[in-house]
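A.B. asks: One structure, as structure tokens, below. Some questions next.
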Amino acid sequence: MPAVSKGDGMRGLAVFISDIRNCKSKEAEIKRINKELANIRSKFKGDKALDGYSKKKYVCKLLFIFLLGHDIDFGHMEAVNLLSSNKYTEKQIGYLFISVLVNSNSELIRLINNAIKNDLSSRNPTFMCLALHCIANVGSREMAEAFAGEIPRILVAGDTMDSVKQSAALCLLRLYKASPDLVLMGEWTSRVVHLLNDQHMGVVTAAISLITCLSSKNPDEFKTCVSLAVSRLSRIVSSASTDLQDYTYYFVPAPWLSCKLLRLLQCYPPPEDGAVKGRLVECLETILNKAQEPPKSKKVQHSNAKNAILFEAISLIIHYDSEPNLLVRACNQLGQFLQHRETNLRYLALESMCTLASSEFSHEAVKTHIETVINALKTERDVSVRQRAADLLYAMCDRSNAKQIVAEMLSYLETADYSIREEMVLKVAILAEKYAVDYSWYVDTILNLIRIAGDYVSEEVWYRVIQIVINRDDVQGYAAKTVFEALQAPACHENMVKVGGYILGEFGNLIAGDPRSSPLVQFNLLHSKFHLCSVPTRALLLSAYIKFINLFPETKATIQEVLRSDSQIRNSDVELQQRAVEYLKLSSIASTDVLATVLEEMPPFPERESSILAKLKKKKGPGAVSVELEDGKERGELNGGGDRGGDAAIAASNASTPSPSADLLGLRSAAPVSGAAPSAGSLLVDVFSEAGPAATSAGVNDDGFLSSAPPTAASEDPAPPLPESDELLNKFVCKNNGVLFENQLLQIGIKSEYRQNLGRMYLFYGNKTSVQFVSFNTTVSCPGELQSQLNVQTKTVEPLVEGGAQVQQVINIECLTDFIDAPLLNIKFRYGGALQNISLKLPVTINKFFQPTEMAAADFFQRWKQLSQPQQEAQKIFKASHGMDTEVLKAKLLGLGTALLENVDPNPENYVCAGVIQTKAQQVGCLLRLEPNAQAQPGEQMYRLTLRSSKDTVSQRVCDLLAEQF
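Take the sequence shown: its letters are residues 5 to 970, numbered as in my numbering.
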């Protein structure tokens with residue numbers, strides 16, 4: 005770049021920047037900026053003979069004002085005029101202004117394009133680079149149309165300087181990503197590929213980024229790049245650090261270029277040419293050998309560069325999956341990283357070994373590290389590393405270690421982070437089914453799973469255990485005995501009651517000979533859970549009761565008395581009432597033979613792919629790969645009969661791991677799937693034939709969650725939020741449970757839990773009338789900037805809400821960065837033909853993501869002094885709205901989410917708190933001090949609330965929220 009002369013210092017700009025920095029307030033800054041804008045506007049309008057220096061200075065000032073966050077609506081033409089200057093600094097400022105402020109749809113684009121064409125044809129390398137940078141920065145379709153044919157010519161021209169070639173390659177890459185249909189390489193393809201042989205390493209590094217992108221879309225056109233990439237990689241790997249001095253980074257030769265070459269090779273299968281393949285294998289072996297050598301430097305940059313190349317090489321080895329020796333060596337190298345002190349290396353090692361475990365060549369080598377992986381699952385502090393360890397255990401599981409791995413995963417479930425439990429449950433259920441030789445072990449495992457993590461056991465899991473028990477005669481008695489014993493626990497999960505009700509209703513007669521599990525004892529045990537269960541479970545239990553009448557005639561009078569009770573035949577739920585009435589009538593008028601025919605034992609289920617597996621495949625996304633079980637005969641036995649082995653194959657995902665930014669709550673699920681036939685993915689119809697198939701809504705993602713802003717109905721727009729929305733929201737600042745909204749038709753209850761930057765909210769919609777709500781629909785939207793600050797996904801609710809009934813909706817929340825506004829909840833339904841349209845603010849506030857922090861007095865005041873900048877503090881003095889009850893104040897401060905620090909403030913009547921707000925982007929420390937004036941007369945009592953945090957918006961928002969609570 006040309007040297008900047010002393011005359012280009014632009015003293016006026018320096019003075020202006022100094023004035024802005026010296027402003028004592030925001031108002032003073034705005035006043036100074038407005039004064040400067042008026043001056044610049046008058047100069048541009050009045051003095052037509054402005055020289056280039058003055059234009060450059062004023063354009064620079066406008067650019068600086070824009071970067072301060074103020075809108076600029078003039079000066080664009082003057083910046084375009086600077087492009088025609090022959091002075092580098094003036095042309096540079098012109099291009100900089102255009103790159104930052106000019107919209108891709110601006111009317112000035114044609115003028116800008118003409119100036120760029122002049123610079124590209126000038127053959128001045130500095131001007132050419134400025135023009136190419138501008139094209140890449142703006143990247144509009146109009147620019148792509150104008151220059152997509154010109155830039156490849158510049159890139160491959162023999163007389164183009166190296167610096168210009170680098171800029172041209174990266175500019176072309178930007179245009180290709182923005183408008184791939186306009187960037188057609190055609191005749192330039194072979195000449196672009198041969199840039200891999202360029203003597204200048206910078207040109208090669210830029211060109212390979214372009215070639216990799218083009219190869220991923222058109223691999224056949226660029227397949228000649230493989231041999232050239234191998235040749236270049238071989239030269240780098242075999243060179244000493246002194247051979248490439250300008251491109252050696254902490255004793256590692258050209259690490260960025262090496263990684264890009266290895267990534268390019270992953271776009272293609274192994275080379276067919278024996279010589280090229282041999283040379284590539286030699287390169288990979290050299291990289292693995294260098295990983296074993298002692299480090300040449302203790303600095304972290306050296307190890308980072310070295311490991312980056314190693315992991316890309318291992319990815320290429322896994323991609324080829326054809327060199328057993330390399331695969332085993334890669335596995336052993338990764339095994340060394342499993343106990344490395346660097347958390348990132350342990351994570352990457354676990355992630356890569358998950359893929360290695362699916363290879364027939366390296367599976368056994370991966371299994372040798374089982375104890376280390378189990379230890380990581382138990383002891384790792386980082387939840388993402390623990391999840392990768394669980395994925396690896398799942399991937400390395402086979403018949404030889406299934407019981408050990410399932411036991412360890414069950415043990416981990418008791419303390420696992422709540423956000424990954426559902427996936428863990430699915431994996432345990434699949435492994436238990438896949439490798440079950442002893443079916444009593446399978447039943448024990450699933451029941452233990454329900455006991456440990458009942459809330460996370462999906463319907464697919466307990467449907468599947470019922471299906472297998474019904475299909476296996478030899479396990480039915482054991483299942484009935486085991487589930488009977490499990491139901492005797494004082495605290496029994498509802499899913500256990502469902503399994504118990506179904507199995508005892510079908511096979512309770514197999515254990516009825518024991519006086520301890522006589523028919524009446526079984527019935528009383530089930531009925532003792534009845535009042536604690538939801539409506540669907542009660543419906544299942546009523547079906548079990550009528551089955552009992554068929555199996556055990558001696559229980560008929562007792563069960564009929566239950567069915568005849570007012571709580572059943574006059575139940576507000578239509579489904580329960582109808583079942584009670586019909587079952588009572590059936591048991592009264594039907595003969596024994598008719599009853600036995602109607603209520604005969606369920607026939608074996610037809611064989612199909614496990615619905616649990618289908619759910620896990622969806623949860624893991626489209627990248628999940630299926631691996632069939634090894635033994636066809638055992639597959640058949642597993643699902644109920646060796647004669648059906650060929651049709652009974654159960655696939656199991658190899659747990660292909662997602663990106664390091666793991667989705668703990670399933671917020672970033674795969675693309676929505678359209679509704680499928682009930683028999684293909686759900687056992688609901690199979691298990692409860694009287695219930696209709698569950699409808700699957702289009703637009704629902706793999707977990708049944710909708711994104712935060714689904715399409716609204718075409719006929720009606722959402723209503724504006726109710727006037728009392730803010731008041732309702734403030735009620736939940738310091739609590740998580742309660743009634744959010746209630747009118748004469750509808751009651752909305754809420755229950756929520758938060759951990760770190762994740763939250764889960766349960767909404768309960770209760771129909772207070774005796775008339776059903778139809779077309780019941782809810783949507784959650786994030787207005788404006790909130791879309792980039794919160795990730796909210798909702799499960800769909802049933803479109804029909806019976807009179808007196810209640811439906812539940814689950815909402816998952818991820819805090820990406822700090823926010824002020826709240827998501828909007830819109831509820832629409834028809835009652836008596838009239839549309840009801842209600843909008844509320846969902847009580848999701850920034851304090852929900854507080855992590856309490858205990859601090860000693862010295863630490864608190866030291867941190868308090870560190871946060872002494874004016875913008876870091878927010879303070880409010882306000883009148884007390886309620887009495888100053890000490891216990892109430894403490895409860896509210898604890899409900900805020902912070903830790904209440906005792907004996908810290910010198911004044912014992914003051915309250916101090918500390919916490920850290922957890923967002924995905926950053927952690928924001930927050931200190932709070934509440935000073936009540938308790939000695940004043942009632943009605944004159946005041947508070948002074950002071951918040952200090954490392955982010956000004958957080959201080960102000962938490963202060964505003966908390967001030968409303970007292």
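Every residue gets a Cβ at the ideal spot worked out from N, C-alpha and C, and that includes glycine.
Helix, strand or coil, according to DSSP, for E806 in the structure here?
C.D. replies: For the purposes of this step, residue 806 is identified with residue 802 of the sequence shown, where counting begins at 1. If DSSP states are grouped into helix, strand and coil, E806 belongs with coil.
A.B. asks: If you pair each beta-carbon of the segment 731-743 with each one of the segment 893-912, do three or more pairs fall below 8 Å?
C.D. replies: In short, these stretches touch, since the Cβ pair count reaches three.
A.B. asks: Just the C-alpha distance for Q875 and F865, rounded to the nearest angstrom, thanks.
C.D. replies: For the purposes of this step, residue 875 is identified with residue 871 of the sequence shown, where counting begins at 1. For the purposes of this step, residue 865 is identified with residue 861 of the sequence shown, where counting begins at 1. Q875 and F865: Cα-Cα distance of roughly 18 Å.
A.B. asks: When the distance is taken between beta carbons, is M413 closer than 9 Å to L381?
C.D. replies: Stepping through the sequence shown from its first residue, residue 381 is reached at position 377. Stepping through the sequence shown from its first residue, residue 413 is reached at position 409. Yes, they are a contact pair.
A.B. asks: If you follow the alpha helix (DSSP H) that N293 is in, where does it begin and where does it stop?
C.D. replies: Translated into the one-based positions of the sequence shown, residue 293 becomes position 289. Taken as a continuous stretch (DSSP letters only), the alpha helix (DSSP H) holding N293 covers 278-296.
A.B. asks: When you compare only the Cα positions, how much space is there between W260 and L360?
C.D. replies: Within the sequence shown, residue 260 is the residue found at index 256, counting from 1. Within the sequence shown, residue 360 is the residue found at index 356, counting from 1. W260 and L360: Cα-Cα distance of roughly 25 Å.
A.B. asks: Between the Cα of Q810 and the Cα atoms of L749, Y482, C786, which residue gives the shortest distance?
C.D. replies: As a first step, residue 810 is located in the sequence shown; it is residue number 806 there, counting from the start. If we check each option's Cα against that of Q810, L749 comes out closest.
A.B. asks: Taking the continuous alpha helix (DSSP H) assigned at L186, which residues delimit it?
C.D. replies: Reading the sequence shown from its first residue, position 182 is the one you call residue 186. Neither: L186 is in no alpha helix (DSSP H) and is coded neither H nor E.
A.B. asks: List in chain order: all unbroken alpha helix (DSSP H) runs of 4+ residues lying wholly within the segment 330-418.
C.D. replies: Counting whole runs of 4 or more residues, the segment 330-418 contains the alpha helix (DSSP H) stretches 347-360, 367-371, 374-383, 387-400, 406-417.
A.B. asks: Considering only C-alpha positions, which residue in the set L159, L71, G73, V106 is nearest to E82?
C.D. replies: Locating residue 82 in the sequence shown gives position 78, where the first residue counts as 1. For E82, the nearest C-alpha among the options comes from V106.
A.B. asks: What are the boundary residues of the alpha helix (DSSP H) that includes K924?
C.D. replies: The residue labelled residue 924 in the question sits at position 920 within the sequence shown. Unbroken run through K924: none, as it is neither H nor E.
A.B. asks: Compare the Cα-Cα distances from E526 to each of C537, V539, L491, C496 and report the closest residue.
C.D. replies: Here residue 526 refers to the residue found at position 522 of the sequence shown. Per the sequence shown, the amino acid found at residue 526 is Gln instead of Glu. Nearest of C537, V539, L491, C496 to Q526, Cα basis: L491.
A.B. asks: Mind checking H373: buried by the 16 CB within 10 Å criterion, or exposed?
C.D. replies: As a working mapping, residue 373 is identified with position 369 in the sequence shown. Looking at its Cβ environment, which holds 16 or more other Cβ atoms inside 10 Å, H373 is buried.
A.B. asks: One question on the structure: do V465 and I454 come within less than 9 Å of each other, judged by their Cβ atoms?
C.D. replies: For the purposes of this step, residue 465 is taken as residue 461 along the sequence shown, with counting starting at 1. For the purposes of this step, residue 454 is taken as residue 450 along the sequence shown, with counting starting at 1. Going by C-beta atoms, V465 is nearer than 9 Å to I454.
A.B. asks: Measuring only the C-alpha atoms, how far is G339 from L354?
C.D. replies: Counting from 1 along the sequence shown, the entry for residue 339 is found at position 335. Counting from 1 along the sequence shown, the entry for residue 354 is found at position 350. Going from the Cα of G339 to the Cα of L354 covers about 9 Å.
A.B. asks: In whole angstroms, what is the alpha-carbon distance linking A210 and L199?
C.D. replies: Your numbering for residue 210 matches position 206 in the sequence shown. Your numbering for residue 199 matches position 195 in the sequence shown. If I take the Cα positions, the gap works out to 9 Å.
A.B. asks: Exposed or buried, what is E694 when buried is set at 16 or more other beta-carbons lying within 10 Å of its beta-carbon?
C.D. replies: Counting from one through the sequence shown, the residue named residue 694 turns up at place 690. In this prediction, E694 scores a pLDDT of 32, lower than 50, which makes its location untrustworthy; the coordinate-derived value is nonetheless stated afterwards. The residue in question, E694, is exposed, as its Cβ has fewer than 16 Cβ neighbours within 10 Å.
A.B. asks: Give me the residue from A516, C175, Q249, A433 with the minimum Cα distance to M205.
C.D. replies: The sequence position of residue 205 within the sequence shown is 201, counting from 1. The option with the nearest alpha carbon to M205 is Q249.
A.B. asks: Return the chain-ordered list of same chain residues with a C-beta closer than 7 Å to the C-beta of K300, the five sequence neighbours on each side being excluded.
C.D. replies: Walking along the sequence shown from the start, residue 300 turns up at place 296. Once the five neighbours on either side are set aside, the close Cβ partners of K300 are F255, H306.
A.B. asks: Is the distance from the Cβ of G901 to the Cβ of F854 below 9 Å?
C.D. replies: Residue mapping note: residue 901 aligns to position 897 of the sequence shown, counting from 1. Residue mapping note: residue 854 aligns to position 850 of the sequence shown, counting from 1. Yes.
A.B. asks: Should A150 go down as buried or exposed, given a rule of 16 or more other Cβ atoms within 10 Å for buried?
C.D. replies: Here residue 150 corresponds to residue number 146 of the sequence shown, with the count starting at 1. With 16 or more other Cβ atoms within 10 Å, it is buried.
A.B. asks: Please list, in chain order, all residues of the same chain as S231 whose beta carbon is under 8 Å from its beta carbon, the five residues on each side excluded.
C.D. replies: One-based indexing of the sequence shown puts residue 231 at position 227. These residues qualify, in order along the chain: P275, D277, V280.
A.B. asks: To test your reading of the DSSP string, which unbroken alpha helix (DSSP H) runs of 4 or more residues are found completely within the segment 502-536?
C.D. replies: The qualifying runs are 523-531.
A.B. asks: What span of residues does the alpha helix (DSSP H) with Y324 cover, start to end?
C.D. replies: Here residue 324 refers to the residue found at position 320 of the sequence shown. Element bounds for Y324: 304-324.
A.B. asks: Where in the segment 454-484 do unbroken runs of the alpha helix (DSSP H), each at least 4 residues long, occur, reported from the N-terminal end onward?
C.D. replies: Qualifying alpha helix (DSSP H) stretches, in chain order: 463-475.
A.B. asks: Do you know offhand how far H2's Cα is from L292's?
C.D. replies: A query on residue 2 cannot be resolved here, the shown segment of the chain reaching from 5 to 970 and no further.
A.B. asks: Which first and last residues belong to the alpha helix (DSSP H) in which E149 is found?
C.D. replies: Along the sequence shown, read from residue 1 onward, the residue named residue 149 stands at position 145. Taken as a continuous stretch (DSSP letters only), the alpha helix (DSSP H) holding E149 covers 145-151.
A.B. asks: My understanding is that V104 touches P156, with C-beta atoms under 8 Å, so please give their C-beta distance in whole angstroms.
C.D. replies: The sequence position of residue 104 within the sequence shown is 100, counting from 1. The sequence position of residue 156 within the sequence shown is 152, counting from 1. V104 to P156, Cβ: 27 Å. No contact.
A.B. asks: So does the segment 397-409 actually touch the segment 790-806, counting three or more Cβ pairs closer than 8 Å?
C.D. replies: Result no; under three Cβ-Cβ pairs closer than 8 Å.
A.B. asks: Quick check on the DSSP output: the beta strand (DSSP E) that includes G763 runs from which residue to which?
C.D. replies: Counting from one through the sequence shown, the residue named residue 763 turns up at place 759. Unbroken beta strand (DSSP E) run through G763: 762-771.
A.B. asks: Quick one: what does DSSP say E604 is sitting in, helix, strand or coil?
C.D. replies: Counting from 1 along the sequence shown, the entry for residue 604 is found at position 600. In this structure, E604 counts as coil in the three-state DSSP scheme.
A.B. asks: Rank V928, I842, L86 by C-alpha distance to the C-alpha of R867 and give the top, closest one.
C.D. replies: Your numbering for residue 867 matches position 863 in the sequence shown. Checking every option, the nearest Cα to that of R867 belongs to V928.
A.B. asks: Have a look at N379 and P328 and give me their C-alpha separation to the nearest angstrom.
C.D. replies: One-based indexing of the sequence shown puts residue 379 at position 375. One-based indexing of the sequence shown puts residue 328 at position 324. N379 and P328: Cα-Cα distance of roughly 27 Å.
A.B. asks: Using the three-state DSSP reduction, which class does T596 fall into: helix, strand or coil?
C.D. replies: If you number the sequence shown from 1, residue 596 lands on position 592. Correct three-state label for T596: helix.
A.B. asks: Let me check understanding here. Comparing Cα to Cα, which of Y460, R403, S872 lies closest to L435?
C.D. replies: As a working note, residue 435 is residue 431 in the sequence shown. It is R403.
A.B. asks: Going residue by residue through the segment 845-886, where are the continuous alpha helix (DSSP H) segments of at least 4 residues, counting only ones entirely within it?
C.D. replies: 861-870, all fully within the segment 845-886.
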